[in-house]
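Residue numbers (full-length UniProt numbering): 1 to 1077.
We treat Cβ as the ideally placed atom computed from N, Cα and C, and that holds for glycine.
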């Protein structure tokens, strides 16, 4: 090679460049070059020093060395080469010698220099490294040694440094500490139970849990000094979460057989209990810490086998890297080494599983498949650990897919269903991982853009003093940052006291701004009426004024005016807040549906592009009573909310907080559908998230009280305290406040707090007068003061402006009370005076029954006739006309007025001449008036076969009859398998017949009777009278004539049985007595 060669020398102090002389001669004699490299005089003749660039600092040196080792061209090296190397051209060609081929390839690609790291270049670099202190001016051997030592330490430290968040050593220590804590907590808890049981032995059976026992023992203290039972019951319920168990503890403490305890002993027990509680709580915290650590270090392994089992595997292996290096066969028996070596030594069966036995998959598998599933699970654990160890951006995608594979394998062992192939599953996982990484990148970009926008907005707000107001929510005020910028004074009262009149008349815009500021301050201070009046005083209102006015109207529950105002705003505005106005309009429509019972016909036109719109549309359906559709919309709203907030980069807590309102409304829909269990779960889930909106807490707590009803009164009292918070006055609507107050009165009445209930009734009267009087009447009835309750309800009805305005509930409640007291006539008067409600079928039925109970049949018939006339006038084609007419006819026939019944039924017959039921009833009526006519009409009845043809007789016989269960035809199960039938057939025992059985002879009819009842039975004779028994004094001999003689049978007379021949039973052989030897 004739081209000149330059050599790049990277040192701890900097970069050096040398030029090799007489390249052809040197290249030809490699042994001579190797010898001359050791002697400085000869080596100096081979190379020329060109340039040297020292590093600026220690971190700069480390940065350059890291780049060189990774094959990356640093800016300092690029600048050094560009400055000191000649430009490359066709005439001027040269070769640059480097120590590493990676950095050489990078230099060649980026700068165009031809690089080489072979042939004589390594020998030249060895000579430069040997004589560097002499070749480079300003460098001494001591300086080179110290620089190499310092940079070497820094480079090594940087290489061994790892990610703090993925430290598996912390997992190893955590799982070891967790095991130790389990042993210690159990030991200490048993010691505490034994110690406290001397004083209160019954507590062990009531509270078996160790942690709960420690807390209960601390709360109880000395059982002979319980104090206030209500307060103690509340504290115990917080600990054991069950009021019944808490009450059982108190009852047991009163009658306990434990020994007395001194104050100093009790102090020691309580101190020890506190230590046990703190250890148990720390154990729970440590478990959470371990879970979070495992999710950072080995998310896929944690998803596959759980955090605890995964941590034990890592701990036993020593590190995640060691676990990743293990084959699946080693992972399978990891933790069972003793059993393995014992089996190898004794030539027995080797263990099938080690630590992975604690996984749920092993316990779920059958006994025959435990070894198979453990081998399969170990394979998947090995894959998951390798992915967690070597992947750059960890995720749970692969872990979830591997877990699905194990589930499929379990199903395959149970049912034989073939699982998916591993290659297909891994392809799906790779696609999901790519999608997930792209979404994360998008989130980061959005977060950066959001940060930039916020910074730009803050800078703009700092530069501009004036800010325009933009309302974006129908139920919330502007954001906190805008509020602080707008209000230049701290005290809101001072802001309201600004005198707008002092502003010059010419400055009309400034006057409007001040009035708007004043109105907004009043709105924020919940002086909504004053705010609305201030806004109305503004001439030529702007969009901002109208929006604030709409919010004020919404807060004042004047929804009709608010609706019209938002319609006007949407029509006459075009800006970036159109979506917010549409959301606000949907909220107004929902409020009209929920609270004013006004249904909007354009429900389908409401948008669903955001989760707020979807939620408001669901509320509209709730107001209209379509709860199933509302649930569907609420589910859509939940999905949209998660997706939207997830894209915005919100945390899981923020998402759950936003979903609290949606889940509470879902619970309300389930409750309306009589699915109380699902509703209660949703309500409890909402309260567990501790939402920041106090209105959500209040409404959810109130709804839990309505689900509990008469049960779980103690829990309802706790929930009601959260619902009647004083800070909720401006957060709830009047309907919500009235419902909560009503439920509070009911709860107080159910818990026998009559005086407190009366106080709350006075508060309820200001919100709902009729409900308050109904509660008061119920309270009086509970106190057996029925007449006072009746008088109160009568007063409520009489104070009403008209009967139409009186409450139906109040009237019906009064009717119920009057009937309970036997005042039937008064109850009938009230029922007849309910106007349109009187013609409801339930009310008509009650009137008829009551009149019949008073034997006023004419009045009952008159009620039915009046009802028929009303329905013919108002609802002529409704089914009620036919139903009422037939019932009236039936009642007339029973009371001997068949002719009147005929008239009614003939009218019905004209409208429906083929109705068999009407014809049958008409025949029954004519049979009492005109039998011939009845016979003629009977010919018009359809044949019986037309009705019977579609009737299944077997189903009819098997159905429940009014005669009783014994008349129901017993059906046999036809769906039994052949194996079951064969098993039942085998169960039947073969009949055993006697040995002398003759099938030609009829069996003895008396064979089932006891022996003493049979006709052939001979009673044993009493021989006591035939013996010579001494009579008289002891020792006397009886006379000869005193002994009765046995009567002899008459000649020719024999006793012959009258029945047929009997089959004789075989004589039973006496069993031989066997003696044990």
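Of the candidates 595, 610, 587, the residue whose Cα lies closest to the Cα of residue 623 is 595. Around the beta carbon of residue 941, fewer than 16 other beta carbons sit within 10 angstroms, so the residue counts as exposed. Membership of residue 16 in the beta strand (DSSP E) is indicated by the continuous run 14 to 20. In the DSSP assignment, residue 180 falls within the alpha helix (DSSP H) that extends over 168 to 197. The beta carbon of residue 705 sits closer than 8 Å to the beta carbons of 716, 719, 720, 723, 743, 747 from its chain, once the five residues preceding and following it are set aside; these are given in chain order. The DSSP-derived three-state label of residue 152 is helix. Taking the Cα of residue 136 as reference, the smallest distance to any Cα among 121, 571, 53, 173 is reached at 53. Of all C-beta pairs linking the region 852 to 872 to the region 881 to 890, three or more are shorter than 8 Å, placing the two stretches in contact. Taking each of 539, 738, 546 in turn and checking the Cα distance to residue 520, the smallest one comes out for 546.
The alpha-carbon separation between residue 887 and residue 937 amounts to approximately 20 Å. Residues 659, 662 of the same chain have their beta carbon placed closer than 7 Å to that of residue 638, with the five preceding and five following residues left out of the count. Restricting attention to beta strand (DSSP E) runs no shorter than 3 residues, the region 365 to 389 encloses none. The beta carbons of residue 139 and residue 13 sit about 6 Å from each other, so the pair counts as a contact at 8 Å. Taking the C-beta atoms as reference points, residue 198 is found nearer than 8 Å to residue 258.
The region 771 to 783 and the region 731 to 745 touch, with three or more beta-carbon pairs separated by less than 8 Å. Where residue 114 is concerned, there is no enclosing alpha helix (DSSP H), although the beta strand (DSSP E) around it starts and stops at 114 to 116.
Scanning the region 578 to 653 from its first residue to its last, no whole beta strand (DSSP E) run of 3-plus residues comes out. Along the region 248 to 321, the alpha helix (DSSP H) occurs as fully enclosed runs of 4 or more residues at 263 to 297, 299 to 305, 307 to 317, listed in sequence order. For residue 392, no beta strand (DSSP E) segment is defined, and its DSSP state is neither H nor E. For the options 89, 151, 295, 44, the alpha carbon positioned closest to that of residue 59 is the one of 151. With respect to residue 41, residue 19 sits apart: the two C-beta atoms are not nearer than 8 Å.
In the DSSP assignment, residue 75 falls within the alpha helix (DSSP H) that extends over 75 to 84. The beta-carbon separation of residue 315 and residue 175, rounded to 5 Å, stays under the 8 Å limit for a contact.
Boundaries of the alpha helix (DSSP H) around residue 866: 857 to 874. Here residue 665 is buried. Its C-beta has 16 or more other C-beta atoms within 10 Å. Proximity to residue 379 across 420, 556, 333, 415 peaks at 333, based on C-alpha coordinates.
Ranking 87, 418, 634, 101 by CA distance to the CA of residue 69 puts 101 first. DSSP places residue 100 in no alpha helix (DSSP H); its state is neither H nor E.
By the C-beta density criterion, residue 88 is exposed, having fewer than 16 other C-beta atoms within 10 angstroms. Unbroken alpha helix (DSSP H) stretches of 4 residues or longer found wholly inside the region 801 to 844: 808 to 820, 824 to 832, given in chain order. Note: residue 48 is bridge-paired with 19 in the DSSP secondary-structure output. Boundaries of the beta strand (DSSP E) harbouring residue 10: 5 to 10, taken from the DSSP string.
Ranked by how close their Cα comes to the Cα of residue 557, the residues 396, 532, 753 have 532 in first place. Taken through DSSP and simplified to helix, strand or coil, residue 53 comes out as strand.
For residue 677, the enclosing alpha helix (DSSP H) covers residues 676 to 688. Counting other Cβ atoms within 10 Å of its Cβ, residue 398 reaches 16 or more and is therefore classed as buried.
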